[in-house]
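Each protein sequence line maps, in turn, to chains A and B.
Note that our numbering has the first sequence beginning at 8, numbered continuously upward.
Note that our numbering has the second sequence beginning at 5, numbered continuously upward.
Positions of the beta carbon are idealized from the N, C-alpha and C atoms, including for glycine.
Remember, it's a predicted structure, so these values are computed and weren't measured experimentally.
The structure appears right after this line, and notes come after that.
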Amino acid sequence: MSNDVMIYASDLSKTFGSFRALDKINFEVKRGEIVGFLGPNGAGKSTTMRILTCFISPTGGTARVNGHDVFDDSLAVRESLGYLPQRAPLYLEMSVLEYLRFAADLRHLDAQTFRKRARSVVEVCGLAQVLGKEIRHLSHGYRQRVGLAQALIHDPPILVLDEPTSDLDPNEKAEFLDYLKQIGKERTVMLSTHNLAEVEASCARAIIISSGRIVADGPLDEIRAKSGRVRYVVSIQESAGDGAYRGRGPLPKKSEVEDALGKVGGVKKLGELPTDDRAHAFEVVSEQEVDLRPEIFRLVADKGWVMLELHRDAQTLEDVFRSLTIGDERRNRRLGPQPEVEDDEDDEDEESDGDRPGAAGGDAAEVAAKDQRS
Amino acid sequence: MRNILIIARRDLRAQFNSPVAYVVIGGTMLLLGLIIFILPHMSVGGVSVGGFWAIDRASMDQMFVCLPPLLSLLVIPAVTMRSLAAEKGSGTLELLITMPVRDSEVIIGKYLAACGVVVVLLAGTLLYPIAMFWGHWGIGWNLGALDWGPVWAGYLGCLFFSLAAVGVGMMLSSLTENDVVAFFMTTGALFLLYAVGLLVSLFQGSWTAVVEFISFESRFQSFARGMIDTRAIVYFLSVATLCLLVSFRSLESRKWS
Chain A
8 MSNDVMIYAS DLSKTFGSFR ALDKINFEVK RGEIVGFLGP NGAGKSTTMR
58 ILTCFISPTG GTARVNGHDV FDDSLAVRES LGYLPQRAPL YLEMSVLEYL
108 RFAADLRHLD AQTFRKRARS VVEVCGLAQV LGKEIRHLSH GYRQRVGLAQ
158 ALIHDPPILV LDEPTSDLDP NEKAEFLDYL KQIGKERTVM LSTHNLAEVE
208 ASCARAIIIS SGRIVADGPL DEIRAKSGRV RYVVSIQESA GDGAYRGRGP
258 LPKKSEVEDA LGKVGGVKKL GELPTDDRAH AFEVVSEQEV DLRPEIFRLV
308 ADKGWVMLEL HRDAQTLEDV FRSLTIGDER RNRRLGPQPE VEDDEDDEDE
358 ESDGDRPGAA GGDAAEVAAK DQRS
Chain B
5 MRNILIIARR DLRAQFNSPV AYVVIGGTML LLGLIIFILP HMSVGGVSVG
55 GFWAIDRASM DQMFVCLPPL LSLLVIPAVT MRSLAAEKGS GTLELLITMP
105 VRDSEVIIGK YLAACGVVVV LLAGTLLYPI AMFWGHWGIG WNLGALDWGP
155 VWAGYLGCLF FSLAAVGVGM MLSSLTENDV VAFFMTTGAL FLLYAVGLLV
205 SLFQGSWTAV VEFISFESRF QSFARGMIDT RAIVYFLSVA TLCLLVSFRS
255 LESRKWS
């Protein structure tokens, strides 16, 4: 392990009773990186963070923070960390200044260092106006800032923030992400969230976790490209309304359009999109290498239909996230024991370890499309 | 050591920053005053209660009959429910434990703070013997010379009793995330530990010895009479240590659950 690896997790597992919260996850975070830790609720984000901050112990595997093992050397780990748990649980009866002093005392800062550090975190977190106020009287946004300030008070090389923006309004969120950029200049930051826009705004790299497994890990561009699929939206006129129909032959039926689009070479998936009765709209998904637009245009022109719309977009981070993690949602909606098939699919998922989420992701996206239709 | 003091100081301040500590201390003082000075003399289960004026002796025995049950039923459960159960429930414990402190320092710090509140209450009750037996208060009046020996012995007994009872409260507080549950569990447990001594006559044979051994009441008796019983001190301290060990393990168990 090189000196630059600040957080290192190897085969990290955690089971709660019979529930496997984490299943052999592996990742590294290097010095100076801001990493977004993404996943749906219950995927294992907080569990991972709690292991890294020594609140709970892993059932298996090892984790090292700043070179110290979380199990054998937990005090050293906690000294080099600043941690903000979910919803910033602070002592409500203390004033902001008292709280910061308490955090500084436990981290053994002397009075002079405290004054210096306090001045700097108060400035970065924008707390000057509320220093003397009791925390119970502060809004969630301010509480979150106080939580961040206590995590920063000892100038730690590593920050672990668990859903730091979940309780904030859009303005506060934007401000918070600004702080984060300032803070992250010379620090390693690991931040969990299920808000993708935040990751896109503040992180260069993301780790996506689903059902206790890492399904993607890398720079955002790479993750976006990961699905390797492109989506086309095609709308064909269904009725001309009061105007004149400019097509050839009769107006097409939905099944005709569906059949015809399905036969275009390279189409991996076809789904209907909701529209009014003037158009048939379909979503066509293909592999990235082929461009289906000429094919689709040719088809529509040959049939004599009227094309209202054809556009192509690369999948957004959100789509990738959905296709990578939708299995969770499916499991949540299903009662009773899970069929074997599901497990096989999961194993496949594990083998690919995020490098090739295509197979499972495709199925999942299909379900997503069905969901959308219903 | 330093961390223990920092945690203890914070907890003690938190107790006194909320109305709970004041209500509990004030309420206890009031109840104590009512029972000692206003209530007519009566005998409950062979223990004489109240009738301070009727006894016609310069003695504070009455106070030491009432203090332990009041401590057990009201003060200690109210103080210890906040120390771990409430913190677990609100999540503040997570933030505390993820700072560079040992679990044992957290437990001991919180234990000391809870004991601190009880000590403040005990110090407050000194008001009663002082008002009755010391000074003239500008009216040229007091009840005469009090033998302070038994009073100090009684306070010492209360202190050691409280060390054990707070330990029990901490232990039960560490087992739940709900402060109300912690309160009632502690009240129940301390009531049993105390009252079982009053029911000693119901037990037969060797059970009598067992009950007397366990009972906080039997242990406290000698102090109330002015005798400093080292066996009782060792017993109370052992109970406190055992309970703190269990609390420590229980706090640690979060890692494995």
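Residue 10(B) beta carbon less than 7 Å from that of residue 112(A): In this structure, residue 10(B) lies closer than 7 Å to residue 112(A) by Cβ.
CB contact check: residue 23(B) to chain A, cutoff 7 Å: Chain A, which has no Cβ nearer than 7 Å to the Cβ of residue 23(B), makes this no.
7 Å Cβ cutoff, residue 18(B) in contact with chain A: Yes, because at least one Cβ of chain A sits closer than 7 Å to the Cβ of residue 18(B).
Min CB distance residue 103(B) to chain A below 7 Å: With 7 Å as the cut-off, residue 103(B) counts as an interface residue toward chain A.
Through-space distance from residue 34(B) to residue 234(B), alpha-carbon basis: If I take the Cα positions, the gap works out to 32 Å.
Beta-carbon spacing of residue 20(B), residue 41(B) below 7 Å: Not closer than 7 Å, so no.
As assigned by DSSP and simplified to three states, the class of residue 229(B): In this structure, residue 229(B) counts as coil in the three-state DSSP scheme.
Whole-number beta carbon distance between residue 125(A) and residue 68(A), since they are thought to touch under 8 Å: Not quite, the Cβ-Cβ distance comes to about 38 Å (not below 8 Å), so this is no contact.
Chain A contacts made by the segment 76 to 104 of chain B, where a contact means CB separation under 7 Å: Look at the segment 76 to 104 of chain B: the residues with a C-beta under 7 Å from a C-beta of chain A are 94, 95, 96, 98, 99, 101, 102, 103, 104.
Separation of residue 76(B) from residue 227(A), as counted between CA atoms: For residue 227(A) and residue 76(B), the gap between their C-alpha atoms comes out near 60 Å.
Assigned secondary structure, residue 136(B) (DSSP; H/G/I helix, E/B strand, else coil): Residue 136(B) sits in a helix when the DSSP states are folded into three classes.
Buried versus exposed, by CB contacts within 10 Å (16 or more), residue 350(A): Residue confidence is low: residue 350(A) scores 40 on pLDDT, short of 50, so the model does not pin down where it sits. No coordinate-derived value is stated.
Cβ pair count under 8 Å reaching 3, the segment 169 to 186 of chain A against the segment 87 to 100 of chain A: Output reads yes: the segment 87 to 100 of chain A touches the segment 169 to 186 of chain A.
Length at least 4, wholly inside the segment 171 to 255 of chain B: the alpha helix (DSSP H) runs in chain order: Taking only runs of at least 4 residues, the alpha helix (DSSP H) segments lying wholly in the segment 171 to 255 of chain B are 183 to 199, 210 to 218, 220 to 228.
Alpha carbon of residue 11(A) to alpha carbon of residue 179(A), nearest angstrom: Pairing residue 11(A) with residue 179(A), the inter-Cα distance amounts to about 32 Å.
Opposing strand residues paired with residue 306(A) [DSSP bridges]: As computed with DSSP, residue 306(A) is found in no beta bridge at all.
Proximity of residue 70(A) and residue 29(A) at Cβ, strictly below 7 Å: Residue 29(A) sits away from residue 70(A), with the two beta carbons spaced by 7 Å or more.
Proximity test, Cβ basis, 7 Å: residue 33(A) and chain B: Not an interface residue.
Status (buried if at least 16 other CB within 10 Å, exposed otherwise) for residue 245(A): That one is buried.
One or two residues paired with residue 224(A) in a DSSP bridge: Under DSSP, residue 224(A) takes part in a beta bridge, and its partners are 214(A).
Bridge partners - residue 314(A), DSSP secondary structure assignment: 243(A), per the DSSP bridge assignment.
Contacts around residue 267(A), its chain only, beta-carbon distance under 7 Å, and the 5 residues preceding and following it disregarded: Beyond the five residues adjoining it in sequence on each side, residue 267(A) comes within less than 7 Å, by CB distance, of 306, 310 in the same chain, given in chain order.
Segment contact, 8 Å Cβ cut-off, at least three pairs: the segment 41 to 55 of chain A with the segment 136 to 152 of chain A: Fewer than three beta-carbon pairs drawn from the segment 41 to 55 of chain A and the segment 136 to 152 of chain A are found closer than 8 Å, and the two stretches are therefore not classed as touching.
Three-state secondary structure (DSSP) of residue 80(B): In the structure shown, residue 80(B) sits in a helix (DSSP, three-state: H, G or I).
DSSP three-state assignment for residue 219(A), whether helix, strand or coil: Coil.
CA nearest to the CA of residue 105(A), picked from 258(B), 166(B), 18(B): Closest in C-alpha terms to residue 105(A), from the list 258(B), 166(B), 18(B), comes 18(B).
Euclidean distance between Cα positions of residue 205(B) and residue 254(B): Taken atom to atom, the span from the alpha-carbon of residue 205(B) to that of residue 254(B) is near 36 Å.
Min CB distance residue 255(B) to chain A below 7 Å: For residue 255(B), the answer is no, since every Cβ of chain A falls outside 7 Å of its Cβ.
Residue 259(A), buried or exposed, once every other Cβ within 10 Å from all chains shown has been counted against 16: By the Cβ-count criterion, residue 259(A) is buried, with 16 or more other Cβ atoms from all chains shown falling within 10 Å of its own Cβ.
Touch test, the segment 71 to 85 of chain B against the segment 183 to 197 of chain B, Cβ-Cβ under 8 Å, three pairs minimum: The answer is yes - the segment 183 to 197 of chain B touches the segment 71 to 85 of chain B, with three or more Cβ pairs under 8 Å.
Local Cβ density within 10 Å of residue 249(A), reported as buried at 16 or more and exposed below that: Counting the other Cβ atoms within 10 Å of the Cβ of residue 249(A) gives fewer than 16, which makes it exposed.
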